[in-house]
Amino acid sequence: YTSGTTGNPKGALYSHRSTVLHALVVALVMGKTLGEGRKVLPVVPLFHVNAWGLPYTAPLVGMSMIMPGGALDGASLFKLMESEGVQSAWGVPTVWQGLLGEIKSQGRLPSGFCEVVVGGSAAPRAMIETFETLGVNVNHAWGMTEMSPIGTHGVMPQWVMEQPFDKMISYKARQGRRAFGVDLKIVDDNGQRVAHDGKSMGELYVRGNTIVSGYFENEEASKKSIDAEGWFGTGDIATIDADGFLSLQDRSKDLIKSGGEWISSIDLENLAVAHPSIASAAAIAMPHPKWDERPVMVAVAAPGAAKLSLEELHSHMSSQFAKWQLPDDIIWVDALPLTATGKISKLTLRQQFADYRLPDLR
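Each residue of the sequence shown is one higher than the last, beginning at 114 in the numbering used here.
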């Protein structure tokens, strides 16, 4: 079943063939890090796209899976990875925030830990920089339940790894390139394909042998999502550059439209969590009579850190965002609501703050 971040979860229909092909594709594109005798820790539930397909890929290549159990806090993960000699760990960004905190506390990495696969939602650039600085290779992947789930992977070509650090990180902050057998296209509001120039933005469509055939007992959703040529509309807004690198801009339902212009909630969030006083953040749209929508940042303070004022947040973000793109308010909460798969639930946040009014409307 899908995560239900934009509505009710839907049952994704796989076939035996699509599942086998997905396992083969992952083994192919990640052949350098997956293999006999190695150990992988899937910090994703077995019910979340079959733990990202690892229960099929790992035995295919002779790799051992270390199951984390219910303790997913940073200290517990560090202890498990250390005791079992885990080399590769897979999970969503919210999980890695906790592990990085424990790594900082311990002053070292778990023994043997050398790769992290991040997916489920976009990884903040600051997180990628931290892992890479520590010597952990980041594979920033993208996919969906409807894709079994891997659609793109972050295995970098040699020419990217030879770039200066900042430029290399810029490539790793994207969602990688398409996996074998997966076709990608970007279309505009009129359904026309746009150029793969890294600038032209539109909805991402996917097609391939590992894409679902439809939704379980939901013919209406199936017809709406998959066209006659087999293209599946992801609901993600993205760009693709000339080298095939995918960059997700936002979920179509999470984009903020202010004064007729789009603001990416992902970009706002990633810059916000780069501040040491912010542990996690979510940008959501609030209705405005003049501008249609305005962004508001919902944030969790880092342990022991003072809560930033709105002015301090603006000062941190103003070098990369125009004034009109900056959040109109910052709301501090003890924790952000998460789905069962560990993603921030903006659907819940929008419901939670349904009666909220922007500062200039009070």
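Where is the CB? At the ideal position from N, CA and C, for every residue including glycine.
Looking at Ile179 and Val199, is the spacing between their C-beta atoms short of 7 angstroms?
-> yes
Thinking C-alpha only, which one of Asp354, Val446 and Glu332 is nearest Leu297?
-> Asp354
Go ahead and pull the three-state DSSP assignment for Ala385.
-> helix
Across which residues does DSSP place Glu316 in a beta bridge pair?
-> Val300 and Ile350
Beta-carbon contacts of Gln276 that lie in its chain and below 8 angstroms, excluding the five residues immediately before and after | Tyr284
So what does DSSP say about Lys217, is it helix, strand or coil?
-> helix
Continuous beta strand (DSSP E) stretch holding Val229: start and end = Glu228 to Val231
Going by beta carbon distance, what residues of the same chain come within less than 7 angstroms of Val386, once the five residues before and after it are set aside?
-> Pro237, Ala239, Ser393 and Ala394
Express the C-alpha separation of Asn163 and Ile263 in angstroms, rounding to a whole number.
-> 12 angstroms
Are the beta-carbon atoms of Ser234 and Lys403 separated by less than 7 angstroms?
-> no
Beta carbon of Arg291, beta carbon of Thr265: below 7 angstroms?
-> yes
Just curious, the alpha helix (DSSP H) that Ala136 is in, first and last residue?
-> His129 to Val142
Based on Cα-Cα distance, which residue from Leu185, Asp442 and Asp380 lies nearest to Pro408?
-> Asp442
Secondary structure of Leu173, DSSP reduced to three states | helix
Counted within 10 angstroms of its Cβ, other Cβ atoms place Glu330 as buried (16 or more) or exposed = exposed
Every unbroken beta strand (DSSP E) inside the region 373-435 [3 residues or more] | 374-376, 391-401 and 405-414
Going along the chain, which residues of its own chain have a beta-carbon closer than 7 angstroms to the beta-carbon of Gly214, five neighbours each way excluded?
-> Gly187
Take Ala140 and list the residues in its own chain whose beta-carbon comes closer than 7 angstroms to its own, dropping the five residues that flank it on each side.
-> Leu147, Thr170, Leu173 and Val174
Tell me whether Thr454 sits in a helix, a strand or coil according to DSSP, three-state version.
-> coil
Would you mind listing the alpha helix (DSSP H) stretches within the region 250-293 that are 4+ residues and don't spill past its ends, in chain order?
-> 271-274 and 278-285
Under a three-way DSSP split, which group does Ala334 fall into?
-> helix
What are the partner residues of Tyr114, as DSSP defines its beta bridges?
-> None, per the DSSP bridge assignment.
In chain order, what residues of the same chain lie with their CB nearer than 7 angstroms to the CB of Ala136, ignoring the 5 residues before and after it?
-> Gly166, Tyr169, Thr170 and Leu173
Residue nearest to His253 in terms of C-alpha spacing, selected from Gly204, Met260 and Gly211 = Gly204
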